[in-house]
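Enquirer: Numbering (the UniProt record's numbering), first residue to last: 1 to 411. Each residue gets a CB set at the ideal place from its N, CA and C atoms; glycine is no exception. Every value quoted in this text rests on a predicted model; they were computed, and no experiment measured them. Let me begin by handing over the structure; questions about it come next.
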């Protein structure tokens, strides 16, 4: 008997639900597509491309819209003899400096046998290699820098690239930048010269609402699943869960895929609401576990301190001092050195950045000053399960914490 056999009862083409699937049309983004198309129009006219900055939360269609429009732009340009378009896509998550971005661009544009190493060259030498290659290509070159905010403080390349032609670095090419970021405040961190250049045109992608997500999921589900295997509540529930959280299509699609996968693994003939709820819990737990892999033991204790403070008084807003006192007790109980207030604050900030905690800024004027309030931004069950899986229960009594949470109606 074969160990692996094809299972075709649930899915017809599950690839339609995956992140790398490029739909033939983009749903629920008509106004953004129209505006984006207008910003790209100079390219097809043979003029200098605009530099465009897209921002919005993860999963709201920024990257999908960019790839969709650039694909059509390249196709439509073929009817014009005087227009040559090259598009280059870079995800900057691992490219934390202008130097690394420049090296990555050189290697994207060069043949495999002409690649350069990520170290060992002066920045100016790498720029010269980049200018030579861009000029060799000629025509219009659109460079997409996804997650551009990862580049950090060393953002000189965001100034150098768009101005390369006007500064005499290249003659035969016109370069345009499309920057994509999930960080709404990224623009405020840019050098003023970079901001003026990169943000020549801006486009905000708002979160999807439940109706938007339901329409997106319905069209994908028609291609992804066999007929009559989805209960009527499945797609609306996936859409509602995602809309309540971040308004992310990616999150809604992941949830629908995982629900279908659960039904397949359990040999159930129909995907039901229960599969969606189980999938939601599983994905949340996986997300927290993945986020917490990079944290130190003090990061884990910080999260536990927030959880314990929440369980102790579910109605009380949590300020740093309350959480810090709980953290100090936990650190001493596990024989760890207690961090100072500033270092502890950094762990709270990191957990907020990872989406595990929600941080709200409060301003009480002269009397109360400015301070932050914190709360767990993931299901308490998922946070507790993750902490238990990190073997923290070997050192601390998490069973009692879980029991108290249940008694307080938090689980």
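What are the residues that DSSP puts in a beta bridge with residue 362?
Expert: 371
Enquirer: Quick check on the DSSP output: what are the complete alpha helix (DSSP H) runs of length 4 or more inside the stretch 122-147, in order along the chain?
Expert: 123-137
Enquirer: Among the candidates 319, 380 and 350, whose CA atom is the shortest distance from the CA of residue 281?
Expert: 380
Enquirer: For residue 376, write down the residues that DSSP places opposite it in a beta bridge.
Expert: Beta bridge pairing from DSSP links residue 376 with 357.
Enquirer: Span of the alpha helix (DSSP H) holding residue 181?
Expert: Careful: residue 181 lies outside any alpha helix (DSSP H), inside the beta strand (DSSP E) at 173-181.
Enquirer: Can the beta-carbon of residue 180 be found closer than 8 Å to that of residue 147?
Expert: yes
Enquirer: Between residue 334 and residue 246, what straight-line distance do the alpha-carbon atoms span, to the nearest angstrom?
Expert: Residue 334 and residue 246 have their C-alpha atoms roughly 36 Å apart.
Enquirer: For residue 54, which of 137, 167 and 185 has the nearest alpha-carbon?
Expert: 185
Enquirer: Hey, how far is the Cα of residue 358 from the Cα of residue 306?
Expert: 11 Å
Enquirer: Less than 8 Å between the CB atoms is what I'm expecting for residue 162 and residue 197, so what's the real figure, rounded?
Expert: 5 Å
Enquirer: Considering only residues of the stretch 49-79, which uninterrupted beta strand (DSSP E) runs meet the minimum length of 3 residues and lie entirely inside it, listed in chain order?
Expert: Entirely contained in the stretch 49-79, the beta strand (DSSP E) runs reaching 3 residues are, in chain order, 52-55.
Enquirer: Spell out whether any CB of chain B is found under 8 Å from the CB atom of residue 378.
Expert: Among the protein chains of the structure shown there is no chain B, as only one such chain exists.
Enquirer: Whole angstroms is fine: what's the gap from residue 94's alpha carbon to residue 292's?
Expert: 19 Å
Enquirer: Just to confirm my understanding: we take residue 226, look at its own chain, exclude 5 residues before and 5 after, and list those with CB closer than 6 Å. What are they?
Expert: For residue 226, where only same-chain residues beyond five positions count, the Cβ hits under 6 Å are 12.
Enquirer: Using beta-carbon positions only, say whether residue 272 and residue 376 come within less than 8 Å of one another.
Expert: no
Enquirer: Alpha carbons only, please: which of 58, 346 and 105 is nearest the one belonging to residue 115?
Expert: 105
Enquirer: So residue 285 and residue 385 are in contact, right, with Cβ under 8 Å, and what is the actual spacing, rounded?
Expert: 6 Å
Enquirer: In whole angstroms, what separates the C-alpha of residue 238 from that of residue 121?
Expert: 50 Å
Enquirer: Roughly how many angstroms separate the alpha carbons of residue 4 and residue 216, rounded to a whole number?
Expert: 32 Å
Enquirer: When DSSP builds the beta bridges, which residues end up paired with residue 271?
Expert: 230
Enquirer: How would you label residue 220, buried or exposed, when you count the other beta carbons within 10 angstroms and need 16 or more for buried?
Expert: With 16 or more other CB atoms across the displayed protein chains lying within 10 angstroms of its CB, residue 220 is buried.
Enquirer: What number of angstroms, rounded off, separates the C-alpha of residue 230 from the C-alpha of residue 361?
Expert: 42 Å
Enquirer: What is the C-beta distance between residue 98 and residue 154, in whole angstroms, given that I count them as a contact (C-beta under 8 Å)?
Expert: 5 Å
Enquirer: Quick one: residues in its chain with C-beta nearer than 7 Å to the C-beta of residue 100, no 5 flanking neighbours on either side, listed in chain order?
Expert: The residues are 118.
Enquirer: Looking at the structure shown, is residue 300 part of a helix, part of a strand, or coil, going by DSSP?
Expert: helix
Enquirer: Among all the DSSP beta bridges, which residues are the ones paired with residue 11?
Expert: The partner list for residue 11 (beta bridge, DSSP) reads 225.
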